[in-house]
Structure formats: structure tokens, C-alpha cells
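Using mature numbering (1 follows the signal peptide of the UniProt record, and there is no 0), the letters of the sequence shown map in sequence onto residues -18 to -1, 1 to 384. For every residue, glycine included, the Cβ atom is placed at its ideal position computed from N, Cα and C. Since the structure is predicted, the reported quantities are computational estimates derived from the model, not experimental observations.
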Amino acid sequence: MYLLQSLFALILISSIKAQFHTSTPAISLGDEQLIWCTVSQEEQWKCGNLTKAINETGHIYGKVKFQLECKSGFNKDECMTLLDKEEAHITTLDAGEVFVGGRYHSLIPIMQEVLKDGSKHYYAVAVMKKNAHPEITHLAHLRGRKACFAGVGTMAGWVIPVDTLMRKGGMEVIDCNNHVKSAINFFGPSCAVNALINKYNPIGDNSYRMCELCIGRVPGEKCTSADPYAGFEGAFKCLLEKGDVAFLKHTTVSEMIEGKIDAYDLNKNDFELLCEDGTRAPVDNYQSCNWGLVPSNAVMTTSARSTGVRKLYIQFLIKTVQLFGGVVPPVQRNQDPNMLPSKDKPAFYYTDEVNFSPQQQNGNNGNNNNDGNKPLYNGQEDFDIQFRQAYENMPFKLFESA
């Protein structure tokens, strides 16, 4: 769901154990293809528009011009596989997916998103409708409730909530190799897309409970990345229409209200946060009422790409931001027959550093159990990210999100 949400609001970083120089590498790529892997209609549409914009201004790119191509994958796992096979070159991944991409597909981050306030992380929050279910005064009281997740494997929308409930909410570990089963045993009918794919259902015996609230109607769509309840916007819609609690980023509620999704007339005061101690708090109090910190999304490529080529990718994306930078109002659904809905769309900017460390993941309470001496995304020994080169803050307006 995140093509240019994570795309153009990202931090420039260097690649694995590589020091980039400021000059353009001596690689003549000409109009070499740069294939972007997308996973939704919105991403594909926006990538297509980006391609058109680049073609119309290609002469400005000089040595770092690529012929951008958009390739649709069924989900992020397929995109990671395509990058691993070098059948695609870049994609955006959630923090949880960054680990999977590094460990199992030899992918590395080249850019990372930063929020407009300069932060490099999100807060993971649990959101409920205002004054709903006053009987819920402890995390254990979420047992049997209808939950809305962004997707199995997403950091704020699955990993942190499940981990927190195991530690503080009485969620039993049913299968240490398959935490979907633990969620199935704890929650009532819910929506957690991808709960039935092979990766998260390795022996095929997950029940349907984590898919019951999902609403995909097209064959092969329900409970997948294409489900209308997939992603953080989807989880928010699930809360509006069916759920008792949604596990979101701290920015999601404001983004959805500002975007005026569908026909809903919403106000932030219609929602509240469920804190780890069971109390409630206003949506804007996420710094004191959250379940943990989450590194922001990253643009990934394969480590098989040379240092010089990876630098060209970065320069290409920087140039694209320079050409099309700015902030635009949110796109409303059905506002224009030629416009597709935007998804998960805060405004982002460039900054000069990023930290994919356990300390960032821990949050203020230090709840994460990772070894503090190892990088959070150390999926392979070489996954040692070093950072260089500062670029001035610049927003991107044309394709700020998907």
C-alpha cells in the first residue's frame, strides 16, 4: 500500500559497508530500466504517473536518468522475490518486512522515510471508538474482541501488538513458530490480511478467524494485500465498519480524517487510544500512550546491485524529489474519475540520518527483547548500515503516497 508514501519522503542512506563519494560513479547506464515493484492498484497507478512525468522531463536527469517501469506483484513477498531474482529493482517495505527482505532475500535499504516533524519512526498505537467498550480496562480484556490489523508481519500493525499482548495481555503462545495461531486463540473474528499465506500458515492448519472480518469480494482478494481492509488505512476502515480495536500508526487517524475517506464525516474526537495500562487517551497523546516505536518504511534494492548503481538509484530519487517536490492536499475518493484513492499518506521530508536500531524499536519503555548490541535488521552479517551525505529537507507533492 505504500509506493510513494515511503518513496519520496525518505532518508538518503549509504548501502552495506560502503562509503559513497559525492561524484557520480563512472557507470554509463543511459536509459537503463529501473523496475519498481508495486502491490496495489493505487501504487501501480501512481508509479505510472511518475513514469510519465519522468519521461517528460528526462533531459534534466543527465547521467542519472533511468527508464522507469512499473511491475505489479501480488504482495510484498512476491516483490522481494522479484528483487532477489533481479526481475525488479526497487520497492518499499514496512519495517517488519525490511527484516524479512534482508534475512531471506539479500535486500538492503537505500532510503528511508521521515515524517514532516523530522522523526524517523512511528508510534504503534491501539485505537478504539470514543467511549466504546468501557468494560475494557486491561489489555487482557481484548480477548474475544474483533481486531483490525494492517497485515500479518507489519511492525506496528501486527508484530508489536502481538508481542505486547503476549507480555502484558495474557495472550498464550500456541505455536512458537506461528504466532497467527496465538492471535486466533486470543481474538474473536478479526481481519489480519495474509494470515493464510504459506509464510504465516506453514502447515496449512490456521483457522479462518483472522480473515472473518476482511471484506474482499473479488476472487483471490479477501484476506490478501488486495483486501480493502489491508494496510493501515484498511485497518482504520475495518475499525469504522466492523472492529472493536485497530492497531495503527500514530499518524493514521489524522491522515484518514484529513483525507475524508469515502463518505465518512469524522473527527479525531470520535476516537481514542488504548494505552498499555488499560487506560484511554486522546489520539494526539500518542507519545505517552503507545505500544512501542517502529522504524519508518524503506526503499529497498538487492545487494547484488553494485555500490555505484545503488548510488545512482539514490541520486535518481533525489533528483525526482527536486523536480516534483511539494505538498498537495489529500486525494478524496471519487473526487475525480481519473484519480485513484491515496492510501496511508502522511507528508514526508528528507533528512540526513536514520537509525534502524533496537533502541529505536524499544520506545520509551524499553519493551523490545532484542539484543541491544545487534542492529534490529541484522538479517545477514553484512547488514551493517552506515550513513552518509546530508540533503536539505524537501517534500514531494506529486506522488507523496499510495
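The stretch 139 to 159 touching the stretch 103 to 123, judged by at least three CB pairs closer than 8 Å: With the cut-off at 8 Å, the stretch 139 to 159 and the stretch 103 to 123 touch.
Ile185 burial status per 10 Å Cβ neighbour count (16 or more: buried): Counting Cβ neighbours within 10 Å, Ile185 comes out exposed, since fewer than 16 surround it.
Best match in Phe169, Asn167, Met192 for proximity to Val175 [C-alpha to C-alpha]: Residue nearest to Val175 within the set Phe169, Asn167, Met192 is Met192 (criterion: CA-CA distance).
Which of helix, strand or coil DSSP assigns to Ser164: Ser164: helix per DSSP, three-state reduction.
As assigned by DSSP and simplified to three states, the class of Gln269: Gln269 falls in the coil class under three-state DSSP.
Between the CA atoms of Val281 and Arg85 - distance to the nearest angstrom: Straight-line Cα distance between these residues: approximately 16 Å.
For Arg287, the nearest candidate out of Gln49, Gly225, Pro91 (CA to CA): Selection Gln49, Gly225, Pro91 evaluated against Arg287 yields Pro91 as nearest (Cα-Cα).
Reference Lys128; option with closest CA among Glu240, Glu223, Ala208, Gln23: Closest option to Lys128, Cα to Cα, is Glu223.
Stretch-stretch touch, CB-based, cutoff 8 Å, three pairs: the stretch 149 to 161 with the stretch 121 to 141: As far as the Cβ criterion goes, the stretch 149 to 161 touches the stretch 121 to 141, which means the pair count is three or higher.
Unbroken alpha helix (DSSP H) run spanning Pro143, endpoints: Pro143 -> alpha helix (DSSP H) spans 142 to 150.
Under 8 Å between C-beta atoms of Ser278 and Lys102: With respect to Lys102, Ser278 sits close: the two C-beta atoms are nearer than 8 Å.
Length of the line joining the Cα atoms of Glu203 and Asp209: In a straight line, the C-alpha of Glu203 is about 5 Å away from that of Asp209.
Inter-residue spacing [alpha-carbon to alpha-carbon] between Ile166 and Ser22: Taking the straight line joining both Cα atoms gives about 27 Å.
Contact belief for Ala212 with Cys130 at Cβ below 8 Å, rounded distance in angstroms: Rounded, the Cβ-Cβ distance is 11 Å, inconsistent with contact.
Which listed residue (Met137, Asn183, Gly139, Val291) has its alpha carbon closest to that of Cys158: Checked all of Met137, Asn183, Gly139, Val291; the closest Cα to Cys158 is Asn183.
Residue span of the alpha helix (DSSP H) that contains Met282, given as start and end: Per DSSP, Met282 lies in no alpha helix (DSSP H); the unbroken beta strand (DSSP E) holding it starts and ends at 280 to 284.
Closest residue to Thr63 among Gln49, Glu79, Glu51 (Cα-Cα distance): Of the candidates Gln49, Glu79, Glu51, the one whose C-alpha sits nearest the C-alpha of Thr63 is Glu79.
Thr206 (DSSP reduced to helix, strand or coil): Here Thr206 sits in coil by DSSP.
Any non-hydrogen atom of the ligand MN closer than 7 Å to Cys196 Cβ: Looking for the ligand MN in the displayed structure turns up nothing, as the structure carries no ligands at all.
Whole-angstrom distance between Lys45 and Phe56, CA atom to CA atom: One Cα belongs to Phe56, the other to Lys45, and the distance between them is close to 33 Å.
Local Cβ density within 10 Å of residue 386, reported as buried at 16 or more and exposed below that: As shown, the chain starts at -18 and ends at 384. That puts residue 386 outside it, with no answer to give.
Residues sharing a beta bridge with Ser189, DSSP: Note: Ser189 sits in no beta bridge, so no partner.
For Gly78, three-class secondary structure by DSSP: For Gly78, the secondary structure class from DSSP, reduced to helix, strand or coil, is helix.
is_contact[Cys130, chain C] using C-beta, thresh 8 Å: Protein chain content of the structure displayed is limited to a single chain, and chain C is not contained in it.
CB of Leu65 within 8 Å of CB of Leu89, strictly: Their beta carbons are under 8 Å apart, which means Leu65 touches Leu89 by this criterion.
Secondary structure of Trp138, DSSP reduced to three states: For the record, residue 138 in the displayed sequence is Ala; it is not Trp. Reduced to three states, the DSSP call for Ala138 is helix.
Ala114 versus Phe253: straight-line alpha-carbon distance, rounded: Looking at the two C-alpha atoms, the distance is approximately 9 Å.
Inter-residue CB distance, Met137 and Val276 (contact presumed, cutoff 8 Å): That belief holds up - the Cβ atoms of Met137 and Val276 are roughly 5 Å apart, short of 8 Å.
For Ile104, the residue or residues it bridges with in DSSP: At residue 104 the sequence reads Tyr, which differs from the Ile that was named. DSSP output for Tyr104 lists Val276 as bridge partner(s).
Spatial neighbours of Ile239 in its chain, beta-carbon cut-off 8 Å, leaving aside the 5 residues before and after: The answer, listed in chain order, is Leu248, Asn249, Lys250.
Ser261 classed as buried or exposed, judged by whether at least 16 other C-beta atoms fall within 10 angstroms: First, the amino acid is wrong: residue 261 is Thr here, not Ser. It is exposed - the Cβ of Thr261 has fewer than 16 other Cβ atoms within 10 Å.
CB of Cys205 within 8 Å of CB of Leu230, strictly: Cβ distance not < 8 Å, so Cys205 and Leu230 don't count as in contact.
Which of helix, strand or coil DSSP assigns to Arg262: In the three-state reduction of the DSSP assignment, Arg262 falls in the strand class.
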